[in-house]
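1 is the number of the first residue of the sequence shown in the UniProt record's numbering; add one for each residue after it.
Every residue, glycine too, gets a C-beta built ideally from N, C-alpha and C.
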Amino acid sequence: MNELRGRLADYACHHRKHGHDALLRMLAGFALVSCLLLLLPGNPISAAMDELLQLGRRMRRDQEAALLCADDVANGTVCCDRSSHRTDVCVMRGDVRTQAASNSLFLLLPPNASRAAADERIRPYTRKWESSIMRTIDELHLRSAPEGDAATPAHCDVRHDVPAVVFSTGGYTGNVYHEFNDGIIPLYITARHYNKKVVFVMLEYHDWWMTKYGHIVEQLSDYPPVDFANDRRTHCFPEAVVGLRIHDELAIDAARMPANQTIQDFRQMLDDAHRGRIQTIIEEEEEEKEAAAAAAAAARKQQHRGSQRIRRTPGRPRTTTAHVS
């Protein structure tokens, strides 16, 4: 009996071992087939992996570009930071010229320039992840070309000695939240450190926008803005920042500001911008109150004079009729 039990135990162990080995072989086979399927061209999983790898490469390139653009951009350079999911920002330094007819900004290079010609495209609006709204924003073509190139503007109609900040007032403009979140606050973040020595070049320019926010623009720039699409003159700048920087929703990150400005500094700027209007409104209200008080006093005085005339008027003599019998 003991011998039988031993043989049964050996048999069970033998089959358990072989079963375990078979399971391992089967799992290894499945893994091999899965790997082969992933490598097949046209496989959706393989395509997704390729896309992830390409995305990683693009992110590394964008981060490297962001580091380069964070430093002083060399003269004769077009540098684009595309690392943010919210916005793209490009910097052009040198002889920068506008050409509204082709929706282009040119950076003219000297004949002996060693840098390769740059060719970038950008939609200067801060909702980069919303493809539907970004399609409504004019696309700018940023090009560097040798001086004398037939495509470049031959001369400057207006020469500025301060940089340009180029942005769009299109998109969700008309909605107060978006006007501040996507426009006014990013404009403050991008332009404040210029201390008003900057020209704003606007795409999708709206007169009503300037009527509404012109007093804020005046706090950030000493110069009249340029309506890019309708001003056909060639404007020349020593530098252009195309696109606006944005930190977060209705937020300013002091650590990323040149002078550590905060949202409180932005609010102070708004107070300064509105102070003239508020003072005008206060003065108008005071004038209206004074005029109303003067009118009320004149009415009371007139009423008082009228009552005095009534009291001073003598009574009429009574008429008596004598009857003769």
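- The three-state reading of DSSP puts glutamate 147 in coil, since its state is none of H, G, I, E or B.
- Glutamate 239 is bridged by DSSP to Arg93.
- Rounded to whole angstroms, tryptophan 208 and glycine 174 show a C-alpha spacing of 10 Å.
- Note on tyrosine 177: under 16 other CB atoms within 10 angstroms of its CB, so exposed under the neighbour-count rule.
- In the assembly as shown, aspartate 88 is a buried residue. Its beta-carbon has 16 or more other beta-carbons within 10 Å.
- Here threonine 190 really is in contact with valine 165; their C-beta atoms are around 6 Å apart, less than 8 Å.
- Residue nearest to arginine 245 within the set Thr126, Thr211, Glu130 and Glu287 is Thr126 (criterion: CA-CA distance).
- Cysteine 90 places its beta carbon 8 Å or farther from that of glycine 214.
- The beta-bridge partner set that DSSP reports for arginine 121 consists of His141.
- Around the C-beta of glycine 276, fewer than 16 other C-beta atoms lie within 10 Å, and the residue is accordingly described as exposed.
- When the beta-carbon positions are compared, leucine 108 and arginine 115 stay at least 8 Å from each other.
- Leu270 is the residue among Ala150, Leu270, His155 and Ile282 whose C-alpha sits nearest the C-alpha of glutamate 218.
- Given a length threshold of 4 residues, each whole run of the alpha helix (DSSP H) inside the segment 173-232 is given here in chain order: 185-191 and 207-220.
- For cysteine 156, the secondary structure class from DSSP, reduced to helix, strand or coil, is coil.
- DSSP places serine 104 inside the beta strand (DSSP E), whose first and last residues are 104-109.
- Around the beta carbon of lysine 289, fewer than 16 other beta carbons sit within 10 angstroms, so the residue counts as exposed.
- From the listed residues Val241, Lys212, Thr234 and Phe180, the smallest Cα separation to valine 198 is found for Val241.
- Cysteine 79 sits away from cysteine 156, with the two beta carbons spaced by 8 Å or more.
- It is roughly 36 Å from the alpha-carbon of glycine 148 to the alpha-carbon of proline 186.
- Distance between glutamine 264 and isoleucine 252, taken at the CA atoms: about 9 Å.
- One alpha carbon belongs to alanine 296, the other to isoleucine 278, and they sit about 27 Å apart.
- Between arginine 86 and the set Phe266, Glu286, Thr152 and Asn181, the nearest pair of CA atoms involves Asn181.
- Nearest neighbour of aspartate 95 by Cα position, chosen from Gln261, His247, Pro146 and Asp222, turns out to be Pro146.
- For serine 168, the uninterrupted beta strand (DSSP E) segment begins and ends at 164-168.
- Between proline 153 and threonine 234, the CB-CB gap stays under 8 Å.
- Sequence-distant partners of valine 158 (beyond 5 residues in either direction) whose C-beta falls short of 8 Å from its own C-beta, in its chain, are Arg233, Thr234, His235 and Cys236.
- In this structure, the alpha-carbon of aspartate 81 lies about 34 Å from that of histidine 274.
- The residue among His193, Leu220 and Ala151 with its C-alpha nearest the C-alpha of asparagine 103 is Ala151.
- In this structure, DSSP gives threonine 280 a helical state, which the three-state scheme calls helix.
- Under the DSSP definition of a beta bridge, valine 78 partners with Met92.
- Proline 111 counts as exposed, since fewer than 16 other beta carbons sit within 10 angstroms of its beta carbon.
- Cβ contact annotation for lysine 128 (same chain, cutoff 8 Å, sequence separation greater than five): Ser84, His85, Arg86, Thr87, Asp88 and Met134, in chain order.
- Residues Ser221 and Asp222 of the same chain have their beta carbon placed closer than 6 Å to that of lysine 196, with the five preceding and five following residues left out of the count.
- The Cβ-Cβ distance between glutamate 130 and threonine 169 does not fall below 8 Å.
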